[in-house]
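The listed protein sequences derive, respectively, from chains A and B.
Sequential numbering of the first sequence, starting at 32, is according to my numbering.
Sequential numbering of the second sequence, starting at 153, is according to my numbering.
Where a beta carbon is used, it is the ideal one built from N, C-alpha and C, also for glycine.
It should be emphasised that the depicted structure is a prediction, and the values quoted were computed from it without experimental measurement.
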Amino acid sequence: QQPVQSPQAVILREGEDAVINCSSSKALYSVHWYRQKHGEAPIFLMILLKGGEQKGHDKISASFNEKKQQSSLYLTASQLSYSGTYFCGTEINGQGAQKLVFGQGTRLTINP
Amino acid sequence: DAGVIQSPRHEVTEMGQEVTLRCKPISGHNSLFWYRQTMMRGLELLIYFNNNVPIDDSGMPEDRFSAKMPNASFSTLKIQPSEPRDSAVYFCASSFMLRDREIYEQYFGPGTRLTVT
């Protein structure tokens, strides 16, 4: 089952914060976050495995709730380079290792 | 270090023709994935291999699609015959899986943009 991402699109000014959500109707084994710029391949950002986990690097971080049905990606003090479409890829328990189902994506536009 | 290599980068073909997409995974990776991306359906997993063996092909749309991985450094995705609805960007990705249920990031190739007229 495809996870639901929200919002579908967001426009920010440089320096503002953004939150992108990824929700599933079933408990997840893992959540993978990717960013894709127009015409390019998706680039890996991070993986979350444990309920209640939070991780991040630089100004991009993510969380995975205790029930493992929702993950959020946080972008703080956004930079122009953060523009792109963000995807969550989810693995449902028992579906097989590494078989990811991706959300529809959230298009993030950062303006100067 | 070279990333995932895909060829061709662009392919334009007529309906009914055979199309073969190629992928060379990152050296040392033992899992390979074929994805298709369209505006309507997003990014979909078609098939994935582990140690050259197809593990799950439930995403392959129909019998017109086939994929092979004859060795650890090469895979093909073939569409025969092609149809206009097959137009999409096809990505190949690879990762390294040490044990089942271990989770490793997937590295995507640049993609092949396929247009079937």
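Minimum Cβ-Cβ distance from residue i to chain B less than 7 Å
| i | result |
| --- | --- |
| Pro38 of chain A | no |
| Gln85 of chain A | no |
| Gln135 of chain A | yes |
| Lys99 of chain A | no |
| Lys130 of chain A | yes |
Under 7 Å by beta carbon: chain B residues contacting residue i
| i | result |
| --- | --- |
| Ala72 of chain A | Phe243, Phe260, Gly261, Pro262 and Gly263 |
8 Å Cβ cut-off: residues of chain B touching residue i
| i | result |
| --- | --- |
| Phe95 of chain A | The premise fails here: Phe95 of chain A is roughly 12 Å from chain B at the closest Cβ pair, so nothing lies under 8 Å. |
Bridge partner(s) assigned by DSSP for residue i
| i | result |
| --- | --- |
| Lys220 of chain B | B:Thr228 |
| Lys138 of chain A | One detail in the question is off: residue 138 of chain A reads as Arg in this sequence, not Lys. Answer is A:Ala40 and A:Thr116. |
| Ala49 of chain A | A:Leu106 |
| Thr121 of chain A | A:Val62 and A:Val132 |
| Gln67 of chain A | A:Thr116 |
| Ile157 of chain B | B:Lys176 |
| Leu197 of chain B | B:Tyr187 |
| Pro206 of chain B | B:Phe201 |
Proximity test, Cβ basis, 7 Å: residue i and chain A
| i | result |
| --- | --- |
| Leu195 of chain B | yes |
| Asp208 of chain B | yes |
| Glu257 of chain B | yes |
Residue i - DSSP class collapsed to helix/strand/coil
| i | result |
| --- | --- |
| Pro233 of chain B | coil |
| Leu80 of chain A | coil |
| Leu131 of chain A | coil |
| Asp238 of chain B | helix |
Reference residue i; option with closest CA among the options
| i | options | result |
| --- | --- | --- |
| Gly136 of chain A | A:Pro143, A:Ser114 and A:Lys130 | A:Ser114 |
| Glu71 of chain A | B:Glu170, B:Gln158, B:Ala219 and B:Phe248 | B:Gln158 |
| Gln232 of chain B | B:Thr165, B:Val171, B:Gly155 and B:Glu166 | B:Val171 |
| Tyr65 of chain A | A:Lys99, A:Leu76, A:Thr140 and A:Ala49 | A:Leu76 |
| Ser56 of chain A | A:Val41, A:Leu106, A:Arg138 and A:Thr121 | A:Thr121 |
| Asn202 of chain B | B:Gln169, B:Phe226 and B:His162 | B:Phe226 |
| Ile141 of chain A | A:Ile123, A:Phe118, A:Lys130 and A:Leu111 | A:Leu111 |
| Asp215 of chain B | B:Ser234, B:Ile207 and B:Ala224 | B:Ser234 |
| Ala93 of chain A | A:Gly83, A:Leu104, A:Arg44 and A:Lys81 | A:Leu104 |
| Phe260 of chain B | B:Leu266, B:Ser246 and B:Val268 | B:Ser246 |
| Val50 of chain A | A:Ile78, A:Gln39, A:Gln67 and A:Leu59 | A:Gln39 |
| Leu80 of chain A | A:Ser37, A:Val62, A:Gly46 and A:His69 | A:Val62 |
| Lys68 of chain A | B:Pro262, B:Thr269, B:Leu173 and B:Thr267 | B:Pro262 |
| Glu166 of chain B | B:Thr264, B:Pro236 and B:Tyr242 | B:Pro236 |
| Ile199 of chain B | A:Pro143, A:Leu43 and A:Lys130 | A:Lys130 |
| Arg138 of chain A | A:Pro73, A:Glu97, A:Gln100 and A:Gly82 | A:Pro73 |
| Gly83 of chain A | A:Phe133, A:Ala58 and A:Leu43 | A:Ala58 |
| Asp208 of chain B | B:Tyr187, B:Arg265 and B:Asn223 | B:Tyr187 |
Chain-ordered neighbours of residue i on chain A, where CB pairs are closer than 7 Å
| i | result |
| --- | --- |
| Ser183 of chain B | Gln129 |
Interface flag, residue i vs chain D, CB-CB below 7 Å
| i | result |
| --- | --- |
| Ser227 of chain B | Although the question refers to chain D, the structure presented lacks it and instead comprises the protein chains A and B. |
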